[in-house]
Each structure stands twice: as C-alpha cells, then as structure tokens.
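Enquirer: One structure follows; several queries about it will come next.
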DNA sequence: ATGAAAGCGCTAACAC
DNA sequence: GTGTTAGCGCTTTCAT
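Protein chains in written order, with UniProt numbering: chain C, 1 to 337; chain A, 1 to 337.
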C-alpha cells in the first residue's frame, strides 16, 4: 500500500516522457507514438501497477465519471434496488460509476447529499423516489443535470422517467376482457398516488373501449394492503351480481384477495380470475396458482434515467416506460362459459 | 449551469487572495484571518454559489472522501439494502460518500469495479456478500483498505464483519428452553453455509448446556425454502416422540412450518412453539401469530464495516456482530404443562 | 492578518 | 515520434 505510482514513474521506467505515457495509456497514441514505445510504456505501467488517478484527470478535463443517485429509501426498498441496478449497468457501459445516497426521507440529509454530489462534480444526478409520485426537484440540484426516476418533476424542469400506469392498467384489464370477462371488478390502492389514478384510468378506458358501461359498485377503494384486498374482494362477492374477474391495484391486494377467496372455497381462476400489478418478487411464491400481473419495469427505468443523466442535451420530457403484463395462471374464462 | 465559480472568483469578489478563501472556507482561519474578512469571504462564496471542487482538493491532499462498496447482488437483495444503509450512514457521519457497484456475481465486472474504485482512490473498499459466506478477497483490492462485509476473508488479510450465527442459534434455543421446552427440534438450512453450521452449533451448545442429550432425529436437514419447512415439520411431528418446540434455520422455513402446522390443525404456540432466524421484513406479515425470531443485524454490520474501512490501523480481525432474539408470539410453554 | 508561490497528477497544445 | 510546457482548483508553507 505504498505511494501509488504516477505517470512520471511509468515514464521513468519506460524511458520516455510523461506526456507519452499519457498518450499511450489513454489510447490516443495512434500515429503519435511508435508501437514499440507504446508497448514499453504499457509494460512499465503493468509492472508498476499503475492506475489512473481520476481526481487528476477530472480536474484537468473538467468532467467526472460519476453519476449521483439520491433517493428516499433507495437502499431499503426492494424496488429501488432494481432501479439502481438498471442505472448502474447503464452508467457502467459508459464508464461511469454511481454514487448513491439514501436520504431516508430526511430533507436535511437530502440537501447535504446533493451538495456533496455537486462538490464531487458528478456528471448528473438521478433523483429517485421509492414510490411513483410527483415532486419538485430541489433548486440546488438544478446546478447540474437532474433526472427524476419513478417520479415526475411537477415543474417540468427535469426529465422524468416513470412507469406507464395507464397503459398497464389498460392491458391488465384487456387481459381479462380477452379471456371473455365482461363483469370486471377493480380494487384500487391509495387514490392519492399516480399509480392508483393511472391504473384506474387504464381500467376504465379498457372497459369503455369494450363497450361495457361503468358500474361504480365494481370499483372498490383500498389502501394497497393485504387486508384491504381481503375486505374488498368480500364486498365484491357479496354484490347481487358479483364480478367474474378482478383487477387488483397491486400484488399485495391480490394476495389478500387470493386468501379471502380460498377461505370461501373459491378457486382462481376457476371461479374468478385475478390480475395484479407490480410483479413483486417477494410475494411471487405465495400465489397459488401463480398470479398474472403487470410488471413495473424498474431495471429499464433505471437504465433510461442513467442514459438521460449522461445526455446533457436531452429535453425535460416525461418518459413513460411500458409495464408489460406477465401472463401466468390466474386468468381463465368466466365461470359457466 | 455555467462554469462553476472557483476560489479565485470568490477571492476576487471578496477582495482577498485565493489563499485566504481556502483558509476561511476550510474553517482553519482561526487566528489567521479577521472575522470581518472571513464573513466577507463567506458571503461572497454564498453569493456566487461556490462549491468546493473535491477533485482538486483530493488531488492536493492525496485522500478522497469516498468509500467503495462492491458486492454481488448488492442492489437487488433486500438484505444488502440494510447493509448499504448502515455503511452509508456511518460513512456520511465521517464526511464520506459511498460508491456502490453491484457486480451481479460477474467476476470480470468485479475486477473492473475494483479497478475503477482504485482509480478513484477510494479511502477503502467494503467487499460485500449477499449471503454470509467465506471468500478470498481479490488481490487487486488489497491495494487499498478492504473490509469484508457479511463474509469472512479466508486468508485473514482483511477485517471481516459477520453475524454471530452461533450465539444467535444459542439464544434462539435458549428462548425455547426458558419457556420450559426440553424436546426441541431443529430444521436446518443448506449445511454448506456458515449460517447453517453456526446456528446448529448454537442449538447444540444450548441443549448440552441444559443437560439435554443430543437426539439426531430431532435435527432435520433442509434447504432454507418454504417447502423444506413443510416437509421437515411433518417429519418431526411424525416422530414417536415429537418435539414440543422447533428452531427453524430461517424464517422461510418457519413459514413452511406454520402452514403445515395449520394444515394439521395445530396451533402456534399452543401446540408447538416455533423460533425462526433472519427476521426477514417481507415475510413478517405472513406469520399469524407473529414469529419470534433472531435478527440479522445488517444495519449495524454495515456501520461496523464502514468504520473499519475508515480506520486504516484496524487489524484484520473477524468481527462478530450479535444477532438479538426478537420476542414475539410464537413461543409458549410446552403443551400440557 | 494577508499574499505569493509551489505543486498534487494529469491532459493537450505546441515545439522540435 | 517524442519532449516541453502550461495549467485544471486546491492546500499549505513561507514571506510580508
């Protein structure tokens, strides 16, 4: 762990000047240095265990190869891991590294994190939300390139990458429609979330497109919990004319529905078809039979966000990322068909 | 997003020299600059939106304020999120930031990641495993300070921070012993894991300390899955003299046990007491009644690892972090007592 | 109490 | 083809 060798050391070892070392090692020596010299330099570098000092390089060039990623609960939510992975892999492809800070929702820490990143002269900041939501990018962050991930910048000053909830809800409902259902319930999640409004909008659009008139009784409120799935599916089944299929606003709700159904001796999809939303990893094993659901494309979203963070010219648009339906076993034809 | 102001700009604005700006902003101006001057400098800096250029600072000082964190699946496992959070918060307290790379288990990427971090002249590297295991630190990484997190460096060249599985298993078993049980089963997980051998060792130690002779029939193999919990608990119950309590090698196994028990019409803890291991967040809600289990102290482990990464003088020891028993509702007195 | 100056390791323009 | 040179923005020593 002695003092790291510098280009000067390599130059001395190879018997050339430091400038030549720079040229050779940066790969731009074509036509500048002879191949013999180049090889001698590379050998010397390897021999000494030379490694670029990125501080020095960045100081000179004025740009760093770091992308900052700030978010509430970035580390602790299972979802954000995928966003980070997507962003990281993309950054990596472009020789960049991610510097991550999980603010835990603490505004002071967030300010400090942004500050630190700016001091590090990051190439851009990916401002990430654990749950899809709307937010205002802190003014300080706008000193650099900012991209909102899983969040929409209400002021439209930064590009945003969010899941296309509407199309997701639409396609989830279509999957049910296509299986022959015409009486389709929906159990929503917290209505304050873009996820809730978007998914519901997709549901309604699909039904109206199919010429099915809206029945408010079929749309049940919920809060995204297991418990609310249990309750809402009960309400739905107790209707004079119960639905033959239900679109659940998220997987957790769907799991509640599954259990309530099984408690009543009803089968999925024999008696009733179910579609979820989120395709949550950790819940997957608990669905018997496997749940047909809509996937939140977090990895792709992370990828897109990183790409935008690296592209200084990208306009501050909203990028909707498609949420594909994952067809598994919880959808079948309506009972008695 | 114009060119960022430098200390020279601040100096010009405040009518002092750049050196004084450095002194004042670094806080070491006590007795060097007058308070009036200092204030003028700070005002000018704020006015211009000045921010330290950490590249330049690091180049000069020779040390960075970055800690690298490399791991397989760091981003995607629910556990590692907590380790990252713990490490980050600790790093943050010491003005450091985390640069994270998830290698996805790819060796090439891992090498590249370590290389990059070394080029960034990170203060240290936290080499993290998703599952507690033994490993060899890549030679390249040893160019800097390395700390193994949730992994033990078999060559003993780097300090390691790992959960104290043995004591965890011991205390889990003690919880059962203390409730009055004397016939206690254990369902193990993959025996190749330090988690499995350690937990079993703790179990055996607790029993032998209590003067209970070892009954091999009570120790069932498993692979950590839900399914293996279902199977093993069945085997245990079918014994001529079944246990009144079972220590499950992990929560997932315990969940299988719960379900098999409920399928047989048996109650926890009325008919049988259960203790798990891991205290896995996502499974928590599925336990009815709430599971008494042993917590893997990931946040604390991350904290310790970061602290070690920052302490160049720390010896390459193994740091065992205590795994506390979380008492909930799945332990009661033996039936018929 | 303040300023001048050197130099950290690198890139890149320019000279030979 | 290769070397010389001038900074990038900062910290720090030494003058003043």
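Glycine is no exception: its CB is placed at the ideal position from the N, C-alpha and C atoms.
Mind checking residue 38 of chain A: buried by the 16 CB within 10 Å criterion, or exposed?
Expert: So residue 38 of chain A ends up on the buried side.
Enquirer: Can you tell me whether residue 233 of chain C is helix, strand or coil according to DSSP?
Expert: Helix at residue 233 of chain C.
Enquirer: Quick check on DSSP: helix, strand or coil for residue 287 of chain C?
Expert: In this structure, residue 287 of chain C counts as coil in the three-state DSSP scheme.
Enquirer: Less than 8 Å between the CB atoms is what I'm expecting for residue 97 of chain A and residue 91 of chain A, so what's the real figure, rounded?
Expert: Going by Cβ atoms, the distance from residue 97 of chain A to residue 91 of chain A rounds to 7 Å, so yes, they are a contact pair.
Enquirer: Which residues, in chain order, does the segment 78-99 of chain A contribute to contact with chain C at a C-beta distance below 7 Å?
Expert: Listed by position along the chain: 78, 81, 82, 84, 85, 88, 97, 98 and 99.
Enquirer: Measuring CA to CA, which of C:205, C:211 and C:199 is closest to residue 221 of chain C?
Expert: Closest option to residue 221 of chain C, Cα to Cα, is C:199.
Enquirer: Quick one: list the residues of chain C neighbouring residue 400 of chain A, beta-carbon separation under 9 Å, in chain order.
Expert: Outside the shown range of chain A, which is 1 to 337, sits residue 400 of chain A, and nothing can be said about it.
Enquirer: Among C:278, C:262, C:4 and C:225, which residue has its Cα nearest to the Cα of residue 272 of chain C?
Expert: Checked all of C:278, C:262, C:4 and C:225; the closest Cα to residue 272 of chain C is C:262.
Enquirer: Just to make sure I have the definition right: I need the residues of chain C whose C-beta is within less than 9 Å of the C-beta of residue 288 of chain A. Which are they?
Expert: Result: empty, since nearest Cβ-Cβ is about 11 Å, beyond 9 Å.
Enquirer: Look at the alpha carbon of residue 86 of chain A and the alpha carbon of residue 12 of chain A, and state the distance between them as a whole number of angstroms.
Expert: Looking at the two C-alpha atoms, the distance is approximately 42 Å.
Enquirer: To the nearest angstrom, how far is the alpha carbon of residue 35 of chain C from that of residue 114 of chain A?
Expert: Computed Cα separation, rounded: 29 Å.
Enquirer: Leaving out five residues before and five after residue 88 of chain C in sequence, what residues of the same chain have Cβ atoms less than 7 Å from its Cβ?
Expert: Taken in chain order, the residues that qualify are 98.
Enquirer: Assuming residue 361 of chain C and residue 123 of chain C form a contact by the criterion Cβ under 8 Å, report the distance between their Cβ atoms to the nearest whole angstrom.
Expert: This structure leaves residue 361 of chain C out entirely; chain C is present only between 1 and 337.
Enquirer: Please state the DSSP three-state secondary structure of residue 181 of chain A.
Expert: Of the three classes helix, strand and coil, the one that applies to residue 181 of chain A here is coil, per DSSP.
Enquirer: Suppose the cutoff is 6 Å on Cβ atoms and the five residues either side in sequence are ignored; what does the same chain contact list for residue 141 of chain C look like?
Expert: Contacts found: 114 and 125.
Enquirer: To the nearest angstrom, how far is the alpha carbon of residue 201 of chain C from that of residue 191 of chain C?
Expert: So the two alpha carbons sit approximately 11 Å from each other.
Enquirer: Is residue 226 of chain A helix, strand or coil when you go by DSSP?
Expert: Correct three-state label for residue 226 of chain A: helix.
Enquirer: What residue ranges within the segment 115-190 of chain C form continuous beta strand (DSSP E) runs of no fewer than 3 residues, ordered along the chain?
Expert: Entirely contained in the segment 115-190 of chain C, the beta strand (DSSP E) runs reaching 3 residues are, in chain order, 124-135, 146-153, 160-163 and 184-187.
Enquirer: Taking CB distances under 7 Å as the criterion, tell me whether residue 8 of chain C reaches chain A.
Expert: Taking Cβ atoms only, chain A never reaches closer than 7 Å to residue 8 of chain C, which makes this a no.
Enquirer: For a quick check, are the C-beta atoms of residue 189 of chain A and residue 224 of chain A less than 7 Å apart?
Expert: A contact, by the Cβ cut-off of 7 Å.
Enquirer: With a cut-off of 7 Å, does the C-beta of residue 299 of chain A fall near any C-beta of chain C?
Expert: Not one chain C Cβ lies under 7 Å of residue 299 of chain A.
Enquirer: What is the C-beta distance between residue 237 of chain C and residue 214 of chain C, in whole angstroms, given that I count them as a contact (C-beta under 8 Å)?
Expert: Contact flag wrong, Cβ pair sits at about 20 Å.
Enquirer: Under 7 Å between beta-carbons, which chain C residues line up against residue 293 of chain A? List them in chain order, please.
Expert: What residue 293 of chain A touches in chain C: nothing, since even the nearest Cβ is about 16 Å away.
Enquirer: Quick check on residue 339 of chain C: does DSSP put it in helix, strand or coil?
Expert: The question about residue 339 of chain C has no answer, for chain C in this structure spans 1 to 337.
Enquirer: Rounded to whole angstroms, what is the Cα-Cα separation between residue 76 of chain A and residue 211 of chain C?
Expert: C-alpha separation (whole angstroms): 42 Å.
Enquirer: Thinking just about the alpha-carbon of each residue, which of A:51, A:175, A:83 and A:107 is nearest to the one in residue 116 of chain C?
Expert: Among A:51, A:175, A:83 and A:107, the Cα nearest to that of residue 116 of chain C belongs to A:51.
Enquirer: Drop a sphere of 10 angstroms on the beta-carbon of residue 195 of chain A, count the other beta-carbons inside from all chains shown, and report buried for 16 or more, exposed for fewer.
Expert: Looking at its Cβ environment, which holds 16 or more other Cβ atoms inside 10 Å, residue 195 of chain A is buried.
Enquirer: Look at the Cβ atom of residue 286 of chain A, then the Cβ atom of residue 250 of chain A, and state whether they are nearer than 7 Å.
Expert: Not a contact, by the Cβ cut-off of 7 Å.
Enquirer: Does the segment 102-111 of chain C come close enough to the segment 324-331 of chain C to have 3 or more Cβ pairs within less than 8 Å?
Expert: Judged by Cβ distances under 8 Å, the segment 102-111 of chain C makes no contact with the segment 324-331 of chain C, as fewer than three pairs qualify.
Enquirer: The alpha helix (DSSP H) with residue 322 of chain A in it runs from where to where?
Expert: Residue 322 of chain A -> no alpha helix (DSSP H), and no H or E assigned at all.
Enquirer: Please state whether the Cβ-Cβ distance between residue 275 of chain C and residue 292 of chain C is less than 7 Å.
Expert: In contact: residue 275 of chain C and residue 292 of chain C (Cβ atoms closer than 7 Å).
Enquirer: What residue does the beta strand (DSSP E) around residue 21 of chain A start on, and which one ends it?
Expert: Here residue 21 of chain A belongs to no beta strand (DSSP E); instead the alpha helix (DSSP H) covers 18-25.
Enquirer: Start and end of the beta strand (DSSP E) containing residue 247 of chain A?
Expert: Where residue 247 of chain A is concerned, the enclosing beta strand (DSSP E) stretches over 245-248.
Enquirer: Grouping DSSP H, G and I as helix and E and B as strand, with all else coil, what is residue 43 of chain A?
Expert: Of the three classes helix, strand and coil, the one that applies to residue 43 of chain A here is helix, per DSSP.
Enquirer: Following the continuous alpha helix (DSSP H) through residue 261 of chain C, name the residue where it begins and the one where it ends.
Expert: Its alpha helix (DSSP H) spans residues 251-263.
Enquirer: Taking the alpha helix (DSSP H) that residue 89 of chain A belongs to, which residues open and close that run?
Expert: 78-93 is the span of the alpha helix (DSSP H), which, as asked, contains residue 89 of chain A.
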